[in-house]
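These notes are about the structure you will find just below.
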Amino acid sequence: MIRLTIDGKEVVTEEGRTILEAARENGIYIPTFCFHEKLLPIGSCRLCLVDVDGYDKPMTSCTTPALDGNNVTTQSDHLFRMRQQFLQLILTSHPLDCPQCDKGGECQLQNISYEHKIEKTEYEAVRIDHKEAYPTPLIHYWESRCVLCGRCFHACREISGREAIDIVGNGFESRIAAVNKDDCISCGECLSVCPVGALTETLSPVKSRIWQSERIDTTCPHCGFGCQLTLNVLDGKTITKVVTEKNLPPNNDSLCVRGRFGYDFVNAEERIGAPYRNLDGQKKTVSNEDALAFTAESLKKLSAAGKGTGFVVSPRATNEEIYLVSRIAASLNNSRVASAASYHTGKAAAAFAQMGISPLYDYEKIQTCQTIVVAGADLLINNHLVANKVREAVKLHGARIVSIDPLDNSLARISSAHLQPLPGQDAAVFNALSGRLLKDGRYSKDAETLEGFAGIKQSLEALSAEAPVGIDAALFDKAYKLIADAENVCVIFGSGITGNEEGLKALLNFSILKGLPQKGLVMPVALQANALGAVSLIENMAATEELLENADIASIFFYEDDPFQYLNGGMVKTSLAAKEFVAVCDILPTFVMDSAGVVVPSAAFAEKEGSFISGNGSLGAVNKACKGPSAGFDFLNALLGRLGKKTYASAAAVTEEIRLSGLLEKDGNGAERLAVKAGKLSFATGGASVPENADAFQLIFRDIFKNHHLADRGIYSKGASSVQSDALRISPVDARELGLSSGDVVVLTADAGETACPVVVKNGIRKGVLECVLFSKHNEMLSISSRMAKTIGVTLRKA
Amino acid sequence: MIIPLLKGLKLTLKVFFSKPATIRYPEEKRAISPRWRGMHYFEKNDQGETACVACGLCVAVCPSHCITLEIKEREDGTRYPGKYEIDSLRCVFCGFCQEACPVNAIKLGGDYEFVHYTRDDFKLTKESLLSAKRIG
């Protein structure tokens, strides 16, 4: 602790803080412009000048460390005049187009100019707008408005770990420009830190000024990280942009492309407006009342006849809606509820429960880990914010990363070791790591007392503790050393691991052996916004294809879900044709609607009231930003009434009932989260089979669930579609062997069919592996395999 | 009794031959003051479109909250009002919108003849503001 005097006030601060930080902690105001709390000090605007005794000239308080005994003056006429002059210099090349500028009314330059009593610009300079394209089409760069504070390219590097933009040119020619266009991930971090209107989003055709808009906080509906964002709404109906300004955890104002730009589907023209029935291939619009009566009657009739009813509920629906679906299912005979959450989150949650590991975790614990293992997960595609936290741990706390992934991923470039096992070989890698920990005696001693330790010890000793076949031994040794030396280790795993039960068990055994549940962190990535909510609320959850293939299930109700997005379309179509009654409730046209007897509209996230349970178990509120009824919830509620059950007054009443059922609890800070009964830690048994590699290639689907509701059938989110596309990627080694180059069309063949698509050669992919990123071609790609899997064996030939 | 009658007749005759205080509205119209604040209209730009850049300052300043604006952006980033509506029945004709406008697009003209059959007709839209009379 050090003591210094600021404006005559004695303040105490920690060593290493800057004068600005010391002043802010103690409520002393120093004007700043380029300084941003999330970024390292930039020091370009010179507005935070302060006089420090012992220095001849004023110092920038944001970059000057506070020293013991400093005497600092923050306000004086002299400093005020200097700040005025620096502001005049900033304003020299800033146009007065505030009426046309997005930031007008919430612009820091406006505020600070007003504060410094600047009424006219003293200097003039001619500035040419180079009109260069910004790396992402979602953001417009207004060169003339840019004051070159440097926040944007600092954010690009420090928050997103990218190097897409930089300052180019000199003097009046200086501007922000793309230096590496391909590195841009359209996260919009630059947009959110820009203090003026130099960067504006181009997505919404309708704009609204701050005084016209309402700002509603809600939880992001895309992945399960639980980002808090604020919707800027005009007239209670049009979302004009997403803003982040309140520094709410867990994302602290950062978002990914889907969070920041994936909102426009709410205002899409294609939204299902009224219920309709498919009669003899014709769509016949019916009233809400008719649709409800028809659905209720059909369900009741089939249930009374002793036939089964299936419900498929989206893991992006709110807890309240999922709860209503489960209530409806409970009122019918032989009913089952399925969800796409069962593929990843369901498996992870079941394994956690079986082995007594708590699924709750705190993202901030990543910062305490010295080694972070990322297995089978591309955090750029999903949970980009976790990648940001990992990067923060690397940047600020010197953590090291071990990537275990046959493909290239967003963290591979900063990984200390990148192991590339074949799909299905993860179990061998983790068993080898565990085996070596046992051999060297560097495992957590607490593990010895746990159930199954003797068994696991015996089975691991029988296996080799050396690097599995095909993995570089030196790299494996390096990875092992990083893990063994670290006191706290964080393991983040994705659907690449949960797709293979042995791999998942081996990973969790390894985590328990290293003592992670207590000292470190083991976390699955969270694919969908409310996947954990769906897993927790639905008892005996089925996988979607189980219901489709089950001949006893005669009627099926899809709630905001489209199985064509993740299952073989042909198979789904055939199964649905055999059902007696199919109903769909969704917001946008989907493929499953073609097979439905009745279609009713639902509400988008911005029109709902409710909650999501994010991947770490915390409860995020979904608030209504757009006025009007919440169609899906109201339909479910009314349907419940028709089936002779109690209906609810509002979504809040449902939340209350969920609360009473004991599913939620309060954590130490009073925030609500999932209630979990702590089980007893134990090891799982399971060997490691050698992966079959009969097929020439293993095709890995990158997150299939990524764009649910953004790309069903048509592409409804311009924001998401302008920066994403389908891609099939191949390693340079395989490409050379097959004589392929980027753009060549190849034919992929698997057990159920074949499809042709262009291929892209990409570095960083393991030999023998193909990476498939799905965006809009789900149908074509998924139809080649008969089973739902993350990885399928394919053969490949040049078309 | 006859005296008051004659007095009255005198006044009648005096007024009968003097200039009348009233005018024959609507055939005749009174000149308006240059500061008169009548019905709103839009100034046009060179292309004949509204000069409004949809800054929303009129919306912010309007004391009776009678202006609805939907801001639209063109490809090049310039802006125009997608929807601009003044509820003239709520308007108090204070002229603050004219004063706030940075591009002198919205103005209060001299027109005061404003009669309609339905309430909806009293909503001034972008189109009606562009075709509005510019008296004064």
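Quick mapping for you: the protein sequence lines, in order, are chains A and B. Quick note: the first sequence, position 587, residue 587 per the working numbering, numbers continuous. Whatever position you read off the second sequence (first residue = 1), add 799 for the working numbering. Beta carbons: idealized from backbone N, C-alpha and C, even for Gly.
Practice prompt. Can you check the region 635 to 662 of chain A for any alpha helix (DSSP H) of at least 4 residues that lies completely inside it and give the ranges in chain order?
Written response: 651 to 660
Worksheet item: Along chain B, which residues have their Cβ under 9 Å away from the Cβ of A/P137?
Response: What A/P137 touches in chain B: nothing, since even the nearest Cβ is about 12 Å away.
Fill in: chain A within 9 Å of B/P862, Cβ atoms only
no
Practice prompt. Note down, in chain order, all residues in the region 195 to 222 of chain A with a beta-carbon under 7 Å from any beta-carbon belonging to chain B.
Written response: P205, V206, K207, S208, R209, W211 and Q212
Fill in: Secondary structure, alpha helix (DSSP H): runs of 4+ residues fully inside the region 513 to 592 of chain A
516 to 519, 531 to 537, 544 to 549 and 569 to 577
Worksheet item: Taking 9 Å as the CB-CB limit, is A/Q100 close to chain B?
Response: yes
Fill in: Segments assigned alpha helix (DSSP H), at least 4 residues, entirely inside the region 309 to 345 of chain A
319 to 330
Worksheet entry | Limits of the unbroken alpha helix (DSSP H) element including A/A454 | F453 to A462
Discussion item. Does the beta-carbon of A/G520, which I'm using as the reference point, lie nearer than 8 Å to any heavy atom of the ligand GTP?
Written reply: As for the ligand GTP, it is missing from this structure, which has no ligand bound.
Worksheet item: How long is the line joining the alpha carbons of A/A727 and A/V760, rounded to whole angstroms?
Response: 7 Å
Worksheet item: When burial is assigned at 16 or more other CB atoms within 10 Å of the CB, is A/D408 buried or exposed?
Response: buried
Worksheet item: Taking the alpha-carbon positions, what's the A/I185 to A/S144 distance?
Response: 25 Å
Item to complete: Go through its chain and collect everything with a Cβ distance to A/H130's Cβ below 7 Å, but skip five positions before and after it.
Response: E143 and R175
Worksheet item: What residues of chain B sit near A/G259, judged by a beta carbon separation below 7 Å?
Response: What A/G259 touches in chain B: nothing, since even the nearest Cβ is about 22 Å away.
Item to complete: Have a look at A/H36, A/D53, A/E297 and A/R83 and flag the residue whose alpha-carbon is nearest the alpha-carbon of A/E189.
Response: A/H36
Worksheet item: Can you tell which of A/K307, A/L463, A/S415 and A/A534 has its C-alpha closest to the C-alpha of A/K347?
Response: A/A534
Worksheet item: Looking at the structure shown, is B/T917 part of a helix, part of a strand, or coil, going by DSSP?
Response: coil
Item to complete: Compare the C-beta of A/L109 with all C-beta atoms of chain B and state if any pair is closer than 9 Å.
Response: no
Discussion item. With a threshold of 9 Å between beta carbons, is A/D235 in contact with chain B?
Written reply: yes
Worksheet item: When DSSP labels each residue in this structure, what does A/M1 get in the three-state scheme?
Response: coil
Item to complete: Using a Cβ-Cβ cut-off of less than 8 Å, give me the residues of the region 872 to 884 of chain B that come near chain A, in sequence order.
Response: E872, G876, T877, R878 and G881
Worksheet item: Where do the N-terminal and C-terminal ends of the beta strand (DSSP E) with B/P880 fall, by residue?
Response: R878 to D886
Worksheet entry | Partner residues on chain A for B/L868, Cβ-Cβ distance less than 8 Å | Q212
Worksheet item: Buried or exposed: A/A631, going by 16 or more other Cβ atoms within 10 Å of its Cβ?
Response: buried
Worksheet item: Whose CA, out of A/G499, A/M355 and A/T544, lies closest to the CA of A/G452?
Response: A/M355
Worksheet item: What number of angstroms, rounded off, separates the C-alpha of A/A377 from the C-alpha of A/T345?
Response: 13 Å
Worksheet item: Just reading off the beta strand (DSSP E) that A/H130 is part of, what are its end residues?
Response: Premise fails: A/H130 is in no beta strand (DSSP E) and is neither H nor E.
Item to complete: Consult DSSP for A/F697 and reduce its assignment to one of helix, strand or coil.
Response: strand
Fill in: Residue closest to A/G423, alpha-carbon to alpha-carbon, out of A/L699, A/A387 and A/K777
Residue identity check: residue 423 of chain A is Pro in the sequence provided, not Gly. Among A/L699, A/A387 and A/K777, the Cα nearest to that of A/P423 is on A/L699.
Discussion item. Quick check: the Cα distance between A/L475 and A/Q420, rounded to an integer number of angstroms?
Written reply: 10 Å
Item to complete: Sort out for me which residues DSSP pairs A/N278 with in a bridge.
Response: A/K283
Item to complete: Could you tell me which residues DSSP puts in a beta bridge with A/F86?
Response: Partner(s): none; A/F86 has no beta bridge.
Fill in: Residue ranges of each alpha helix (DSSP H) within the region 346 to 406 of chain A, 4 or longer
384 to 397
Discussion item. Give me the DSSP bridge partner(s) of A/Y141.
Written reply: A/L199
Discussion item. Ignoring anything shorter than 3 residues, give me the beta strand (DSSP E) runs that lie fully in the region 148 to 180 of chain A, in order along the chain.
Written reply: 165 to 168 and 175 to 178
Worksheet item: Residues bridged to A/D217 by DSSP?
Response: A/T230
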